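In this note's numbering, the protein residues as written are 32 to 164.
Here it is in structure tokens:
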């Protein structure tokens with residue numbers, strides 16, 4: 032490692048990563064739950080699946096932020112993003128960047144990688160679970 036002195040900030044960096052991922056999924060889940068009829072039309076899924084998706088995103092976001100079952104929550108959020116990528120590629124025929132450069136599946140891929148870091152690192156030691164050790 033080139034900057035060994037920065038290694039002491041790893042847990043803080045992982046906390047910031049968890050906060051960013053969690054905020055993205057909590058706000059997305061809230062949008063699904065707040066207007067399931069409208070969101071179901073936008074994503075071309077049933078209203079009941081939209082509610083399930085919103086609850087999964089909200090729960091996963093809370094799990095990632097708090098660090099309680101962060102790895103399991105991150106794995107679930109990876110599955111959600113894989114589903115979104117599948118929809119964009121095979122149903123909507125969207126490219127990696129999309130037509131406008133911002134509506135492709137690059138965003139979902141980035142969130143998969145971010146969640147993969149949480150899965151492989153456990154999300155760091157700055158978590159609610161560290162209070163019970």
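In this text, a Cβ means the ideal position worked out from N, Cα and C, and glycines have one as well. Here the structure is a predicted model, which means the values were calculated and not measured.
A direct Cα-Cα distance of roughly 30 angstroms separates residue 49 from residue 122.
Here the alpha carbons of residue 128 and residue 136 stand approximately 6 angstroms from one another. Excluding five sequence positions before and after residue 120, the CB atoms of its chain that fall closer than 8 angstroms to its own CB belong to 136, given in chain order. Residue 108 sits in a helix when the DSSP states are folded into three classes. Following the DSSP letters along the chain, one finds residue 39 in no alpha helix (DSSP H), marked with neither H nor E.
As the crow flies, the alpha-carbon of residue 72 is around 10 angstroms from that of residue 66. Nearest neighbour of residue 134 by Cα position, chosen from 118, 141, 36, 125, turns out to be 125. Along the region 73-135, the alpha helix (DSSP H) occurs as fully enclosed runs of 4 or more residues at 78-97, 101-117, listed in sequence order.
For residue 161, no alpha helix (DSSP H) segment is defined, and its DSSP state is neither H nor E. Taking a contact to require three or more Cβ pairs closer than 8 angstroms, the region 90-97 and the region 49-59 qualify as touching. Residue 161 sits exposed, since fewer than 16 C-beta atoms from the chains shown fall within 10 Å of its C-beta. Sequence-distant partners of residue 42 (beyond 5 residues in either direction) whose C-beta falls short of 7 angstroms from its own C-beta, in its chain, are 155, 156, 157. With fewer than 16 other beta carbons inside 10 angstroms of its own, residue 132 counts as exposed. Only buried fits residue 85, as 16 or more other CB atoms lie within 10 angstroms of its CB.
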